[in-house]
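What follows is one structure encoded as structure tokens, with my remarks underneath.
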Amino acid sequence: MNDANNARPVVAMIGNPVSDKGKGAVIDAQVMESLIDNGRRHNFDVIDLTGTSFDDSLANARTHADAYTHLVVVGGDGMVALGANAVGCSGKPLGIVATGSGNDFARGLGLPVNRIDTAIEGIVGAIVRGSHIDVDMGRVTSLPGGYAVDAATGNLLTDTLHADADESVSLPPIDRYYGGMLNCGLDASINDRANHSRLPGGSLRYFVAVLVEIAHLKQYGYHIKATLADGSVEERDIISPMVTIANSRHIGGGLEVSPYSQFADGLLDMIWIDHMPNLLEIVDAISKAYNGRLMASHVFGWKRVREVEITRATSGEEPPVLMADGEYIGHLPVKVAAQDRALRVLVPPAVARDHADDDGSRTLAAIKRDGRDPITGAFCA
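Just so we're aligned: the sequence shown equals residues 1 to 381 in full-length UniProt numbering.
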């Protein structure tokens, strides 16, 4: 056990051995060996808390929370989500070895992507120097009637599936943090299709999934009650193929769905498709998504929010299972709230300086460039 009287840090590692048809286990072993070697040289211990599944690993991290001072996760955005749910709001730093198919959270932070040795070097250096940044998260919780699903499959949780037919089942509530985006419609369907694709490369899988799902757009029915950045409340129905509540910019291996998102502003970005787009608008939006100018498209609405309640509207189709950071979350209704600087992330000093120097002026310039009002989110006349 690690306690206040023991100054020697303990680094817990969680990998994803079943990822990429078992190749994840090889990477996990490489990372563990390197951490142990660095621990000998820099005076820290290493333990492995990898479980048999997302939920099992998360339970390990929570059960043994007193046994480690730092947590390192190995994999993609889903593993970052696991780490965020394990150490979020605790002050314990999270290290990220980004080896997944998307790596969008790490990419947004400016961390190495699919460069294992460089990532480990940065994490070890950050541990030794105490270098970190504190970033926001989103927190999703159930409103009455909302319920969680298995994070890996999107199915009802095992206890629910195995309940007797005559037994009254209480569906498990959602209480989940995320670092990237909460996907509530088209983007969730795209993510789900990409998860089941056999195509190589995360970006290619996501791009193909975009094309397939856009060809079958549905109008989902959402009732939105949003507390905006200025504290005012807006409430209305949105009948739309997509509503997204974003904390970071990227999804799908670099697609900038939320180009104005900032990691430490205490706010989330609500993005939705404003109307059913025609073919030219779809082509234009896809091209803009790959050059950081998606919000210049009049197809999309955008507002900054402190929290938002998402329930079913009386019209429109039932939204699909919600997803965040590549993992399945559950079903509406939910409340989503910004968690101001709730996640501490290990980063090299140069990355920490870059974030400290970001005063928001570049984001403000991008908003004005795209012709939007930075307060209301509407297009300027």
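Even for Gly, the Cβ is constructed at its ideal location relative to N, Cα and C.
| message | Looking at the secondary structure, which residues open and close the alpha helix (DSSP H) in which HIS331 lies? | response | On the sequence shown, residue 331 is found 331 positions in, with the first residue counted as 1. No alpha helix (DSSP H) holds HIS331; the beta strand (DSSP E) holding it covers 327 to 331.
| request: Reducing DSSP to helix, strand and coil, say where ASN85 ends up. | output: On the sequence shown, residue 85 is found 85 positions in, with the first residue counted as 1. Three-state DSSP puts ASN85 in a helix.
| task | With GLN30 as the anchor, note down where its alpha helix (DSSP H) starts and where it stops. | result | Numbered from 1 along the sequence shown, position 30 holds the residue referred to as residue 30. Going by DSSP, GLN30 is part of the alpha helix (DSSP H) stretching over 23 to 42.
| query | Around the Cβ of CYS184, are there at least 16 other Cβ atoms within 10 angstroms (buried) or fewer (exposed)? | reply | Here residue 184 refers to the residue found at position 184 when the sequence shown is read from its first residue. Buried is the call here.
| task | Identify the continuous alpha helix (DSSP H) that holds THR118 and give its terminal residues. | result | Here residue 118 refers to the residue found at position 118 when the sequence shown is read from its first residue. Residues 116 to 129.
| field | Distance between HIS70 and MET1 (C-alpha atoms, nearest Å) | value | Looking up residue 1 in the sequence shown gives position 1. Looking up residue 70 in the sequence shown gives position 70. Per-residue confidence for MET1 stands at a pLDDT of 44, beneath the threshold of 50, marking its modelled position as unreliable; no derived number is given.
| query | Terminal residues of the continuous beta strand (DSSP E) containing LYS303? | reply | Taking the sequence shown and counting its residues from 1, the one referred to as residue 303 is at position 303. Annotation for LYS303: the continuous beta strand (DSSP E) segment containing it runs 300 to 312.
| Between the region 302 to 314 and the region 96 to 108, do at least 3 Cβ pairs fall closer than 8 Å? | Taking 8 Å as the limit for Cβ pairs, the verdict is that the region 96 to 108 does not touch the region 302 to 314.
| message | Suppose you measure from the CA of ASN278 to the CA of GLY221; what does that come to, to the nearest Å? | response | As a first step, residue 278 must be located in the sequence shown, where it is residue number 278. As a first step, residue 221 must be located in the sequence shown, where it is residue number 221. Cα to Cα, the separation comes out at about 20 Å.
| Alpha carbon of ALA65 to alpha carbon of ALA296, nearest angstrom | Here residue 65 corresponds to residue number 65 of the sequence shown, with the count starting at 1. Here residue 296 corresponds to residue number 296 of the sequence shown, with the count starting at 1. Each residue's CA atom was taken as its position, placing ALA65 and ALA296 some 44 Å apart.
| query | Cβ of residue 399 within 7 Å of Cβ of ALA81? | reply | Residue 399 lies beyond the stretch modelled for the chain, which goes from 1 to 381, so this question has no answer here.
| field | C-beta contact flag for MET137 and ALA84 at 7 Å | value | Working through the sequence shown from its first residue, we reach residue 137 at position 137. Working through the sequence shown from its first residue, we reach residue 84 at position 84. Going by C-beta atoms, MET137 is nearer than 7 Å to ALA84.
| request: Mark GLU256 as exposed unless 16 or more other C-beta atoms lie within 10 angstroms of its C-beta, in which case mark it buried. | output: The residue given as residue 256 occupies position 256 in the sequence shown. With 16 or more Cβ atoms within 10 Å of its Cβ, GLU256 is classed as buried.
| request: Answer with buried or exposed for THR63, where buried requires no fewer than 16 other C-beta atoms within 10 angstroms of its C-beta. | output: On the sequence shown, residue 63 is found 63 positions in, with the first residue counted as 1. The residue is exposed, with fewer than 16 neighbouring Cβ atoms inside 10 Å.
| request: Could you round the C-beta distance between ILE27 and THR118 to whole angstroms and report it? I think they count as a contact, below 8 Å. | output: Against the sequence shown, residue 27 aligns to sequence position 27. Against the sequence shown, residue 118 aligns to sequence position 118. Between ILE27 and THR118 the beta-carbon gap is near 14 Å, outside 8 Å, which marks them as no contact.
| Segment limits, alpha helix (DSSP H) that includes ASN191 | For the purposes of this step, residue 191 is identified with residue 191 of the sequence shown, where counting begins at 1. Segment 186 to 195, the alpha helix (DSSP H) holding ASN191.
| said: Less than 7 Å between the beta carbons of THR153 and GLN262, yes or no? | reply: Start at 1 with the first residue of the sequence shown, and residue 153 comes out as number 153. Start at 1 with the first residue of the sequence shown, and residue 262 comes out as number 262. Cβ atoms of THR153 and GLN262: not closer than 7 Å.
| request: Grab the span of the beta strand (DSSP E) containing VAL347 for me, first residue to last. | output: For this step, residue 347 is matched to residue 347 along the sequence shown. DSSP places VAL347 outside any beta strand (DSSP E), giving it a letter other than H or E.
| task | With ASN60 as the anchor, note down where its beta strand (DSSP E) starts and where it stops. | result | The residue you call residue 60 lines up with position 60 of the sequence shown. Looking at the DSSP string, ASN60 is not in any beta strand (DSSP E); the run it does join, the alpha helix (DSSP H), is 54 to 63.
| said: With a threshold of 6 Å on Cβ separation, who are the neighbours of THR309 within its own chain once the five nearest residues in sequence on each side are excluded? | reply: Position 309 of the sequence shown holds residue 309. According to the sequence provided, residue 309 is Glu. The question's Thr does not apply to it. If you ignore the 5 residues before and after GLU309, its C-beta comes within less than 6 Å of the C-beta of LYS225 and LYS335, all in its own chain and listed in chain order.
| By Cβ distance below 7 Å, which residues in the same chain neighbour residue 407 in space, the five residues on each side in sequence not counted? | What the structure shows of the chain is the stretch from 1 to 381, and residue 407 is not part of that stretch, so it cannot be assessed.
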